[in-house]
Amino acid sequence: METALLLAGKITELTLIVLMGIALVKFKLLKTENSYPLSVIALYLISPSVMIHAFQADYSPEILDGLWLSLKLAVLFHILLIILGKLFSRLLKLDALEHAATIYTNSGNLIIPLVMSIFGPQWVIYTSGFIIVQMLLFWTHLRLLICGSGKVSWTSLLRNINILSMLCGVILFSLQIKLPKIVDGALATVGSMIGPVAMLVAGMLIASLPLKQIMLSKRIYLIAFLRLLLIPMILMFAVKLSGLAGQDAHSRTVVLISFLATISPAAATITQMAVVYKQNAAKASAIYGVTTLLCILTMPLIIVLYQWIV
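Mapped onto full-length UniProt numbering, the consecutive letters of the sequence shown carry residue numbers 1 to 310.
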């Protein structure tokens, strides 16, 4: 219950920042398209800083075991998410964007600041497993899902700054190479901005959405129900049956961090790819906006159920 309350408080803080982003646009101080520079800063500077700093940890068998566990959980969760996404796509006749929203979550932008605030910065390293697997699937499975066809862009994947920063962090951790304190301090300071910047961008994007149309769209609420409630509950029982959460306290926290990544809103990357590949970007943005706003209620609820059941 304590974790759920902390989570609710932190999500409320981040939601208030979303509202600030909306206000900036609504009061015509900025335009929605002005969110692009902030997105660039978050993608190319803040997120890599977070990951490199997270791997500046002293080596211990416990940390290594936790990293392997987070990676195995990431693979397991994504296999289940892809299977469930395919199943619901057939049963409910979901289009490509709706299908993608059931699978891919906003794990990096939301989970990293939540983990930093609730568990502490030393636990951020365990978000890397989920993010690495998801990043690989963004540029393979998700891209093919939205495009409908085409070749996998391995070049884009290998040049992705977030993948490169994680690989850099892993190498530094493996060789126990410590960055100068001034450099690591700068990375930590920049990384601490990930939550506010990501939520401001979300608010600026949401501000441009046709709210009346969204409020009347039962389809978007169906996707929100799948993404935020039904699928997380299925994954929760999968964790229970696997017995992974019944280990020591450290492993239980790693499992909870990985599970948190599966119950977050639809990925912002879906909207970005919808724009790039000329799909229905307005619909993708609406799903992203609605799930982002509703997660303030659903994520604490799911965690309460998780701690009760698992």
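Heads up, the beta-carbon is just placed ideally off N, CA and C, and yes, glycines get one too.
Since the structure is predicted, the reported quantities are computational estimates derived from the model, not experimental observations.
Comparing C-alpha distances from residue 54 to each of 128, 248, 273 and 91 shows the shortest one belongs to 128.
Using a 10 angstroms sphere on the CB of residue 269, the tally of other CB atoms reaches 16 or more, which defines it as buried. When the Cα atoms are used, residue 286 and residue 233 turn out to be separated by approximately 23 angstroms. Counting only residues of its own chain and dropping the five nearest sequence neighbours on each side, residue 24 has a CB closer than 7 angstroms to the CB of 30 and 204.
Using a 10 angstroms sphere on the CB of residue 162, the tally of other CB atoms reaches 16 or more, which defines it as buried.
A straight line joining the alpha-carbon of residue 290 with that of residue 221 spans about 8 angstroms. Of 280, 305, 267 and 260, the smallest CA-CA separation from residue 123 is found for 260. For residue 202, the secondary structure class from DSSP, reduced to helix, strand or coil, is helix. Contact check between the region 91-101 and the region 139-146: three or more CB pairs, one atom from each, fall below 8 angstroms, which counts as touching.
Residue range 61-92 is occupied by the alpha helix (DSSP H) that includes residue 85.
In the DSSP assignment, residue 266 is bridged to 105. Here residue 119 is near residue 257, since their CB atoms are less than 8 angstroms apart. Here the alpha carbon of residue 3 sits roughly 17 angstroms from the alpha carbon of residue 126. The three-state secondary structure of residue 302, taken from DSSP, is helix.
In the assembly as shown, residue 37 is an exposed residue. Its beta-carbon has fewer than 16 other beta-carbons within 10 Å.
For residue 239, the CB contacts under 7 angstroms within the same chain, skipping 5 residues up- and downstream, are 245, 255, 259 and 310 in chain order.
The DSSP-derived three-state label of residue 134 is helix. Contact check for residue 292 against residue 281 fails: the beta carbons are separated by 8 angstroms or more.
Excluding the 5 residues flanking it on each side, residue 115 has same chain C-beta neighbours closer than 8 angstroms at 123, 124, 126, 127, 257 and 260, in chain order. Residue state for residue 176 is assigned as coil, using DSSP reduced to three classes. Residue burial is scored here from C-beta neighbours: residue 247 has fewer than 16 other C-beta atoms within 10 angstroms and is therefore classed as exposed. Counting only residues of its own chain and dropping the five nearest sequence neighbours on each side, residue 223 has a CB closer than 6 angstroms to the CB of 98, 101 and 287. Taking every protein chain shown into account, the CB of residue 176 has fewer than 16 other CB atoms within 10 angstroms, so this residue is exposed.
Going by beta carbons, residue 300 and residue 11 fall inside the 8 angstroms limit. Cα atoms of residue 225 and residue 218: separation of roughly 10 angstroms, rounded to the nearest angstrom.
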